[in-house]
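Below is one structure, written out as structure tokens, with a few remarks after it.
There are 2 protein chains.
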Amino acid sequence: MMHTEPGVFGAISHPARRRMLDLLVDGDRPVNSIAENFEMSRPAVSQHLRVLLDAGLVTEQRHGRERRYRLVPERLEPVRDWIAHYERFWDDNFARLRRHLEKGDKQQ
Amino acid sequence: MMHTEPGVFGAISHPARRRMLDLLVDGDRPVNSIAENFEMSRPAVSQHLRVLLDAGLVTEQRHGRERRYRLVPERLEPVRDWIAHYERFWDDNFARLRRHLEKGDKQQ
DNA sequence: TTGACATGTAAGCATTTCCTTACGCATTAT
DNA sequence: ATAATGCGTAAGGAAATGCTTACATGTCAA
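Those sequence lines, one after another, are chains A and B.
Heads up: the first sequence begins at 3 in the working numbering, then just goes up one per residue.
Heads up: the second sequence begins at 3 in the working numbering, then just goes up one per residue.
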């Protein structure tokens, strides 16, 4: 069937794909440089990258015979937005800071 | 095979399960009250709830012949923590505030 | 040009996911 | 006691996922 759009949440549901995104935080990388970090075969890495690409979480740029993958962090916003919905439950610095701001309260 | 722990990220990868969590934000609910909101069969809803239960994202309490499900928002922290990693990319109030804090900078 | 390199695609297979219908089992209501 | 209610579980099947090996393709290097 497949009613459920593949989408960002599906793409980040696999730990290998999250790690790939994490690797790309430090900048673009060609596939081999990504694949080094995983035990799976290189084609498997390509397939994961394809999922990330389809979800819009990365882009691809050809550079000679390499293909560099680049993070598109804005595409993580659906996740950020959804999780933000729950922020009031976590009474951490972040939440305190936000309330602090919202209240216009000056004290730390 | 099954190397990939089911875990929280898997649990929230399905839109129906995210909506179930969203419903529970307003308080505990028995299964039928949850199922009303979905087109799928009630057993399917039970199965989704089971996934959430296994991920620790909800708890179950029996109340007469009902079973009330309750949100366990702290279990979303792995998601929050992971996504927080990317916050520096989103130049919103939140990120500015954090940088503000980190720098010890006093100006808004 | 010929070969090595970087990478994607194809095919195949095991496993998981997600849904359905049928049924089982408490608990409450009559 | 009997029926209705609220739910889980079982069984089964279609599709998706995640991996592998083999192969195709484009690019650089000798």
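C-beta: ideal position from N, C-alpha, C; glycine also.
Item                                                                                                                                                                                           : Value
Bridge partners for A:Y71 per DSSP, in chain order?                                                                                                                                            : A:R31 and A:E62
Note down the Cα distance separating B:Y88 from A:L73, rounded to an integer number of angstroms.                                                                                              : 11 angstroms
Does DSSP put A:W92 in a helix, in a strand, or in coil?                                                                                                                                       : coil
Let's test the definition: count the other Cβ atoms within 10 Å of the Cβ of B:P45 and tell me whether it reaches 16, buried, or not, exposed.                                                 : exposed
In angstroms with no decimal places, state the Cα-to-Cα distance between B:L54 and A:G66.                                                                                                      : 46 angstroms
Mapping the DSSP letters down to three states, classify B:H41 as helix, strand or coil.                                                                                                        : The amino acid at residue 41 of chain B is misidentified as His; the sequence shows Glu. The answer is coil: DSSP assigns B:E41 none of H, G, I, E or B.
Output needed in chain order: residues of the stretch 66-89 of chain A with a Cβ under 9 angstroms from some Cβ in chain B.                                                                    : L73, P75, E76, L78, E79, V81, R82, W84, I85, A86, H87, Y88 and E89
Assuming B:V27 and B:A57 are in contact, meaning their beta carbons sit under 8 angstroms apart, how far apart are those beta carbons, in whole angstroms?                                     : No, B:V27 and B:A57 are not in contact; Cβ-Cβ is about 16 angstroms, not under 8 angstroms.
Please work out which residues of its chain come closer than 7 angstroms, Cβ to Cβ, to B:R31, disregarding the five sequence neighbours upstream and downstream, and give them in chain order. : L25, R70 and Y71
Rounded to the nearest angstrom, what separates A:W84 and B:I85 at their Cα positions?                                                                                                         : 11 angstroms
How long is the line joining the alpha carbons of A:M42 and B:E38, rounded to whole angstroms?                                                                                                 : 43 angstroms
Looking only at its chain, what residues have a beta carbon closer than 8 angstroms to the beta carbon of A:V33, apart from the 5 residues adjacent to it on each side?                        : R44, V47, S48, L51, E68, R69 and Y71
Could you tell me the boundaries of the alpha helix (DSSP H) in which B:L78 lies?                                                                                                              : Element bounds for B:L78: n/a, residue is neither H nor E.
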